[in-house]
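Residue numbers in the sequence shown follow full-length UniProt numbering, run continuously in steps of one, and reach 275 at the last position. Backbone N, C-alpha and C fix where the C-beta goes; we use that ideal spot for every residue, glycine too.
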Amino acid sequence: MGDLLLTDKEATGLVIKDAWTTRIQPRWAAVGMVCSPHKLVIGALERALHRACGLHHAATFREIGENRFVVKFSSEGDYRHVMKGGTWQFDFNVVLLKKFDGAIRPSDMVFDELELWARVLDLPMDMMNRAYGELIGDWIGKFISVETDEDGMAWGKDLRIRVAVKVDQPLMRGVFLRMSSDEADGTWFDIKYEKVPHFCFDCGRLVHAQGDCRAEKEEVQQWGEWLRASPRRNQRPPPPVRPSVSSSSYTSRSAGTEMFRGRRRCVMCPKKESV
Ligand SMILES: [Zn+2]
């Protein structure tokens, strides 16, 4: 509004009555944001995500401002798959998705968290349970769920925790578990992430809040591919690649992250060759 002098009618405004109570709540809709310094091309995003997400039916994408978009799916299966099935990126930039909320105007929507599966490796069996999952999950980010049996026990090589992490904070590479705050030395447990989108190997962030990396460059790289876990347990070996498909004409899936066809450019780490 700024310094505008309002007319009487403008100052009085519009009183919302029945229109509010009859609002339509669309099924299978989501809002999202592409965390990129470049302007979103909605058609390119629609084509890339449709392919990368493996949608069975058409989905309609519409831009709603500042790299933000709304997407309407045609089936509940597609909707659930996209919202719970993984993490997504477009042109090496993380795509953040949330449930549709029609009450908030697009410019006020906050996109700062990403849900993903974290694995804590080589924990003692006494810690492979729901209680430790909640504790460690809330330390990594925000605990959502943990993979356990009906007794609350986890069985396997690692504790698999669904967490929401802040995209502008470094990924946790491990956790020191200390039995009490007085204990000087704890025990370090590695953490890996399934299907984590492209992140900066210098500062460990998925998104640079200031647009570029401000981390000091260390001699030894502090974050890297080793933080990626394979997306599924007991995964079968992939089928052989047909030699008739050229390397530039298919979408590759590597190290558990959906890679989208497009320029081989890394916005986060411009000096590094993207994989
Ligand atoms: Zn960085």
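So Ile140 and Met172 are supposed to be a Cβ contact under 8 angstroms. How far apart are they, rounded? Right, their Cβ atoms sit about 5 angstroms apart.
Cβ-heavy atom distance, His208 to ligand 1, below 8 angstroms: Yes, the Cβ of His208 comes within 8 angstroms of a heavy atom of ligand 1.
Where does Gly137 fall in DSSP's three states? Reduced to three states, the DSSP call for Gly137 is helix.
Could you check where the beta strand (DSSP E) with Glu183 kicks off and where it finishes? Where Glu183 is concerned, there is no enclosing beta strand (DSSP E), given that its DSSP letter is neither H nor E.
How would you write the range of the alpha helix (DSSP H) that Gly65 sits in, first residue to last? Looking at the DSSP string, Gly65 is not in any alpha helix (DSSP H); the run it does join, the beta strand (DSSP E), is 59–65.
Please return the same chain residues whose Cβ sits closer than 7 angstroms to the Cβ of Pro26, not counting the five positions on each side in sequence. Counting only Cβ-Cβ distances below 7 angstroms, and skipping sequence neighbours, we find Lys72, Phe100.
Option in Asp122, Leu45, His208 with minimal Cα separation from Phe176: Check the Cα spacing between Phe176 and each of Asp122, Leu45, His208: the tightest is with Asp122.
Counting only runs of 4+ residues fully inside the stretch 57–134, write out the alpha helix (DSSP H) ranges in chain order. Counting whole runs of 4 or more residues, the stretch 57–134 contains the alpha helix (DSSP H) stretches 76–84.
Check Lys142 in the structure and name its three-state DSSP category. In this structure, Lys142 counts as strand in the three-state DSSP scheme.
Suppose you measure from the CA of Ser254 to the CA of Asp91; what does that come to, to the nearest Å? Note that Ser254 has pLDDT 34, beneath the 50 cutoff, so the model's placement of it is unreliable and the number below is only indicative. Approximately 14 angstroms between the Cα atoms of the pair.
Terminal residues of the alpha helix (DSSP H) in which Asp8 lies: Per DSSP, the continuous alpha helix (DSSP H) segment holding Asp8 begins and ends at 8–12.
To which residues does DSSP link Phe201 through a beta bridge? None, per the DSSP bridge assignment.
Taking its Cβ as the centre, do 16 or more other Cβ atoms sit within 10 Å of His57, making it buried, or is it exposed? The residue in question, His57, is exposed, as its Cβ has fewer than 16 Cβ neighbours within 10 Å.
Any 3 or more C-beta pairs closer than 8 angstroms across the stretch 43–52 and the stretch 3–11: Judged by pairs of C-beta atoms under 8 angstroms, the stretch 43–52 does not touch the stretch 3–11, as fewer than three such pairs exist.
Since Arg51 is in the alpha helix (DSSP H), which residue starts that stretch and which ends it? In the DSSP annotation of this structure, the continuous segment of the alpha helix (DSSP H) that includes Arg51 starts and ends at 42–53.
What are the residues that DSSP puts in a beta bridge with Val34? Note: Val34 sits in a beta bridge opposite Val95.
Which residue from Pro106, Glu147, Asn93, Asp112 puts its Cα closest to that of residue 279? No answer is possible for residue 279: it lies beyond the span of the chain, which begins at 1 and ends at 275.
Determine the burial state of Leu14: buried for a count of at least 16 other Cβ atoms within 10 Å of its Cβ, exposed for fewer. Leu14 is exposed by the Cβ-count criterion.
Expressed to the nearest angstrom, what Euclidean distance is found between the alpha-carbon atoms of residue 343 and Tyr193? Summary: the structure shown does not reach residue 343, with the chain confined to residues 1 through 275, and so no result is reported for it.
Use the C-beta contact count for Asp3: other C-beta atoms within 10 angstroms, 16 or more gives buried, fewer gives exposed. Exposed is the call here.
Quick one: grab the DSSP three-state call for Leu227. It is helical.
Could you check the C-alpha separation between Gly137 and Ala59 for me, to the nearest Å? Whole-angstrom Cα-Cα distance: 33 angstroms.
Any idea if Asp182 is buried or exposed, counting beta-carbon neighbours within 10 angstroms, 16 or more meaning buried? Counting Cβ neighbours within 10 Å, Asp182 comes out exposed, since fewer than 16 surround it.
May I have the straight-line CA-CA distance separating Asp190 from Lys166, to the nearest angstrom? So the alpha carbons of these two residues sit roughly 19 angstroms apart.
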